[in-house]
């Protein structure tokens with residue numbers, strides 16, 4: 007399957023729609039959306055530890071809308087550097103911060119102002135100063151080459167119309183010997199161009 | 084996804100776990116129709 011954006015998809019419109027959708031989630035995480043949110047969902051369908059999620063600020067957990075669980079693979083390195091692509095309200099960043107410890111660092115990357123505001127508030131409330139959040143496009147990360155031990159992400163890369171550019175950027179920032187461990191959606195059938203050009207289906 | 088990561092240069096790329104992320108949502112039928120689900124992936128950059 008091609009990872010290129012369909013020719014007739016307006017990439018800027020898609021990014022704008024994604025920002026608008028997730029701004030709504032940030033502002034009203036209990037609103038009506040066609041995808042799940044919140045810690046109960048994360049525990050019931052994705053295998054997160056609900057008791058641990060309940061120790062995090064609700065400002066970070068309520069808008070969570072991931073599709074998998076990047077903590078099921080290898081343990082994050084104590085003292086390591088982790089970046090979360092599309093960090094949203096920061097739930098996975100806070101979990102990662104606990105795992106890398108106070109000598110580690112976690113950088114959350116997002117392009118939605120309302121999510122960044124929630125994420126920064128949550129990190130402060132959780133007293134995890136090793137976390138910071140940056141506004142950036144995932145094709146142009148504000149990180150040096152080879153700066154990252156582990157890249158995590160949860161249901162976000164599928165929203166990018168230029169996945170090859172995203173993967174190239176991830177390859178640039180990961181250290182030799184480092185890794186990606188991320189969750190995303192997969193599609194079991196080849197999609198028609200009509201379906202791939204439908205922005206409503208992308209933004210979910 | 085796996086082929087794309089391999090083409091970039093990542094090694095030992097694999098999907099590890101699968102999730103019915105859209106179960107119970109209004110898009111559950113669409114997800115079932117197109118085989119859409121969540122998955123975990125790992126990919127390594129050679130040392």
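Chains as they are written, first to last, in my numbering: chain A, 7 to 210; chain B, 84 to 130.
Just so it is clear, CB atoms sit at the ideal spot from N, CA and C, and this is done for glycine as well.
Under three-state DSSP, which class holds residue 189 (chain A)?
-> The residue given as residue 189 (chain A) occupies position 183 in the first chain. The answer is strand: DSSP assigns residue 189 (chain A) an E or B state.
With a threshold of 16 other CB atoms inside 10 Å of the CB of residue 104 (chain B), please say whether the residue is buried or exposed.
-> Locating residue 104 (chain B) in the second chain gives position 21, where the first residue counts as 1. Residue 104 (chain B) is buried by the Cβ-count criterion.
Flag residue 121 (chain B) as yes if its beta-carbon sits less than 8 Å from any beta-carbon of chain A, otherwise no.
-> The sequence position of residue 121 (chain B) within the second chain is 38, counting from 1. Closer than 8 Å to some Cβ of chain A, the Cβ of residue 121 (chain B) qualifies, so yes.
Taking buried to mean at least 16 other C-beta atoms within 10 Å of its own C-beta, is residue 17 (chain A) buried or exposed?
-> Mapped onto the first chain, residue 17 (chain A) falls at position 11. With fewer than 16 Cβ atoms within 10 Å of its Cβ, residue 17 (chain A) is classed as exposed.
Exposure label - residue 93 (chain A); buried when at least 16 CB within 10 Å = Translated into positions along the first chain, residue 93 (chain A) becomes position 87. Buried, because 16 or more other Cβ atoms sit within 10 Å of the Cβ of residue 93 (chain A).
Does any CB atom of chain C fall closer than 8 Å to the CB of residue 118 (chain B)?
-> Of the chains in the structure shown, none is chain C; the protein chains are A and B.
Which value, in whole angstroms, describes the spacing of the CA atoms of residue 87 (chain B) and residue 20 (chain A)?
-> The residue you call residue 87 (chain B) lines up with position 4 of the second chain. The residue you call residue 20 (chain A) lines up with position 14 of the first chain. Whole-angstrom Cα-Cα distance: 21 Å.
Start and end residues, beta strand (DSSP E) containing residue 101 (chain B) | Translated into positions along the second chain, residue 101 (chain B) becomes position 18. Residue 101 (chain B) -> beta strand (DSSP E) spans 94–102.
Count the CB pairs spanning the region 108–128 of chain A and the region 136–148 of chain A that are closer than 8 Å, and state whether there are at least three.
-> yes
Along the beta strand (DSSP E) that carries residue 141 (chain A), what are the first and last residues, could you check?
-> For this step, residue 141 (chain A) is matched to residue 135 along the first chain. 137–141 is the extent of the beta strand (DSSP E) around residue 141 (chain A).
Neighbour-count burial assignment, residue 125 (chain A), 16 or more Cβ in a 10 Å radius | Residue 125 (chain A) sits at position 119 when you count from the first residue of the first chain. Under this definition residue 125 (chain A) is a buried residue.
Check the Cβ-Cβ distances between residue 158 (chain A) and every residue of chain B, and say whether any is below 8 Å.
-> Here residue 158 (chain A) refers to the residue found at position 152 of the first chain. Closer than 8 Å: no.
Rounded C-alpha distance that separates residue 131 (chain A) from residue 60 (chain A) | Stepping through the first chain from its first residue, residue 131 (chain A) is reached at position 125. Stepping through the first chain from its first residue, residue 60 (chain A) is reached at position 54. Those two C-alpha atoms are separated by around 13 Å.
7 Å Cβ shell around residue 85 (chain A) - same chain, five flanking residues per side excluded = Your numbering for residue 85 (chain A) matches position 79 in the first chain. So the list reads 106, 107, 109, 110, once near-sequence residues are dropped.
Please determine, among A:25, A:195, A:40, the residue with the shortest C-alpha to C-alpha distance to residue 108 (chain B).
-> Walking along the second chain from the start, residue 108 (chain B) turns up at place 25. If we check each option's Cα against that of residue 108 (chain B), A:40 comes out closest.
Rounded straight-line distance, which links the Cα of residue 66 (chain A) to that of residue 94 (chain B) = Taking the first residue of the second chain as 1, we reach residue 94 (chain B) at position 11. Taking the first residue of the first chain as 1, we reach residue 66 (chain A) at position 60. Cα to Cα, residue 94 (chain B) sits roughly 33 Å from residue 66 (chain A).
Unbroken beta strand (DSSP E) run spanning residue 155 (chain A), endpoints = Taking the first residue of the first chain as position 1, residue 155 (chain A) is located at position 149. Looking at the DSSP string, the run of the beta strand (DSSP E) that includes residue 155 (chain A) is 154–160.
Hey, how far is the Cα of residue 75 (chain A) from the Cα of residue 47 (chain A)?
-> Locating residue 75 (chain A) in the first chain gives position 69, where the first residue counts as 1. Locating residue 47 (chain A) in the first chain gives position 41, where the first residue counts as 1. Using only the alpha carbons, I get a separation of about 12 Å.
From A:148, A:33, A:100, residue whose alpha carbon lies closest to that of residue 133 (chain A) | The count along the first chain starts at 1 and reaches residue 133 (chain A) at position 127. Residue A:100 is the option with its Cα nearest to residue 133 (chain A).
Where the beta strand (DSSP E) containing residue 114 (chain A) begins and where it ends = The count along the first chain starts at 1 and reaches residue 114 (chain A) at position 108. First-last of the beta strand (DSSP E) with residue 114 (chain A): 111–116.
Using DSSP with H/G/I as helix, E/B as strand and the rest coil, what is residue 112 (chain B)?
-> Your numbering for residue 112 (chain B) matches position 29 in the second chain. Helix.
Have a look at residue 103 (chain A) and residue 127 (chain A) and give me their C-alpha separation to the nearest angstrom.
-> As a first step, residue 103 (chain A) must be located in the first chain, where it is residue number 97. As a first step, residue 127 (chain A) must be located in the first chain, where it is residue number 121. Their Cα atoms are separated by approximately 15 Å.
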